[in-house]
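Each remark here refers to the structure printed beneath this line.
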Amino acid sequence: MLRICLLGACLLAGWLALGSAPAMAQTPPPSLREMAESGDPEAAYAYGYELSFPEEGEPDTVTGRYWLVQAADAGLAPANHMLGVIYRDGFGVDPDIDRARAFFELAWQAADPSAGHDLAELMLYDYDGERDAAIAILETLLSDVELGPLASLTLAETLMFDGDGEVDAARAVTLARDALDRQSDLMRAHYILGIGAAEGLAGPLDPDAARRAWEAGAEAGDTLALIALADSWLDPGWGETDPVEARVLYELAAELGDDDAAQQAAVLADEQANTSDDDVAARRAAWQLRLGWNDMPD
């Protein structure tokens, strides 16, 4: 009986071993690095990006850039775009605007819309005499599902504020509204809409609508909207003034890094030496809540 049990146990063990043999013999899938080394451009891009921008640990920008170049040399547009970003921002390299532009152009020629937008911004802000070419790129991007809203906002800002070319404020307001309708987190659009309402650029002059637009931008953390709203509370042309509200708004803009707002807030604070600290604190707390700040930014 013991011999039979032992035999049964041996047979069972043998069957389990045979049954598991194919699973044990399976080859594990290749790693991202192995796929990159085998010449897969998509893997080279993913591996280079992973090394350059790891979720944890220190980046290996040299090796990461090497693999991004391999992917770019294979014609992968996102790799050219990412190399442009690296050289534009000086990530692990000295900033090189001309080199960044070359990579952006290669990616844009391969119909990468993100690269097209970055190229247009580079041409607008870092090169002279490129405005018309940049606008042409942005016009092309307006119909893009993903990049269209951002291109619309960039074009609106160019037409509203760019002093190097023809200003078209009415179209800028229309573009800003379109950008916001398509992508609600484009906070800078509120600032342009506020200007449009304040000056009657694309409809009747409407100070209340202007303030509402700037309040929306301010609540999203846009410094320009905060300052415009503060300015309006100091301007008698807007009706009743509120210097305390203006001071609080300037202080918030200063917290976001605007030095001019900090100076203006300091001037108002001196003028309001007899104002109740509780009133100022309550207004700051109310705006802090609207901004979604648990604590003021460092």
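As numbered in mature numbering (1 follows the signal peptide of the UniProt record, and there is no 0), residues -25 to -1, 1 to 273 make up the sequence shown, in order. By construction, the Cβ of each residue, glycine as well, lies at the ideal position given by its N, Cα and C atoms. These numbers were taken from a predicted model, which means no experiment stands behind them.
Neighbour-count burial assignment, residue i, 16 or more Cβ in a 10 Å radius
i	result
Y100	exposed
S6	exposed
E96	buried
P179	exposed
S159	exposed
M223	Correcting the residue identity first, residue 223 is Val in this sequence and not Met. Buried, by the Cβ-count rule.
P211	exposed
P88	buried
E230	buried
A90	buried
D197	buried
residue 282	The structure shown does not extend to residue 282, since the chain is modelled only from -25 to 273, so the question has no answer here.
G39	buried
A256	exposed
A228	buried
A221	buried
A111	exposed
Run of the alpha helix (DSSP H) containing residue i, from where it starts to where it stops
i	result
V37	36 to 48
M162	No alpha helix (DSSP H) contains M162, which DSSP labels as neither H nor E.
V219	218 to 230
L201	198 to 209
residue 280	Residue 280 lies beyond the residue range present for the chain, which begins at -25 and ends at 273; the question has no answer from this structure.
V120	Premise fails: V120 is in no alpha helix (DSSP H) and is neither H nor E.
Y100	88 to 101
L243	234 to 246
L51	That residue, L51, is in no alpha helix (DSSP H); it is neither H nor E in DSSP.
E30	Taken as a continuous stretch (DSSP letters only), E30 belongs to no alpha helix (DSSP H), as it is neither H nor E.
L7	7 to 12
F78	72 to 84
L266	252 to 266
Contacts around residue i, its chain only, beta-carbon distance under 6 Å, and the 5 residues preceding and following it disregarded
i	result
G225	Note that residue 225 corresponds to Tyr in the displayed sequence, not to Gly. Counting only Cβ-Cβ distances below 6 Å, and skipping sequence neighbours, we find A205, A236, Q239, A240.
L176	A144, A145, V148
D35	L26
A131	A147, L150, A151, I167
A85	A52
E105	M98
I72	D101
CB of residue i within 8 Å of CB of residue j, strictly
i	j	result
G192	H165	yes
G169	A203	yes
L128	R163	yes
A173	A185	yes
L116	H92	yes
Y102	F78	no
H56	A75	no
7 Å CB neighbourhood of residue i in its chain, flanking five on each side removed
i	result
E194	R265, L266
L20	Reading the sequence as shown, one finds Tyr at residue 20 and not Leu. Around Y20: L43, A46, L51, P53, A54.
D156	none
E190	L204
M10	A18
A109	A95, M98, L99
A(-5)	Legend: pLDDT at A(-5) = 43, less than 50; position of this residue unreliable, value from coordinates given subsequently. Within the same chain, A(-5) has no close Cβ partners at all.
L113	A95, A126, T129, L130
F66	T36
A188	H165, L168, G169, A172
E80	L94
F28	P34
R8	Y22
Residues of its chain near residue i, where Cβ-Cβ distance is below 8 Å and the 5 sequence neighbours each way are ignored
i	result
P16	Q45, A46, A49, G50, L51, A54
P218	W208, L209, L243, E246, Q247
D254	V219
Y41	G23
P182	A172, A173, S207, W213, G214
R232	Checking the sequence shown, residue 232 turns out to be Gly, not Arg. Contacts found: T198.
T216	W208, L209, D210
Cutoff 8 Å: residue i Cβ touching any chain D Cβ
i	result
L58	In the displayed structure, chain D is absent; only one protein chain is listed.
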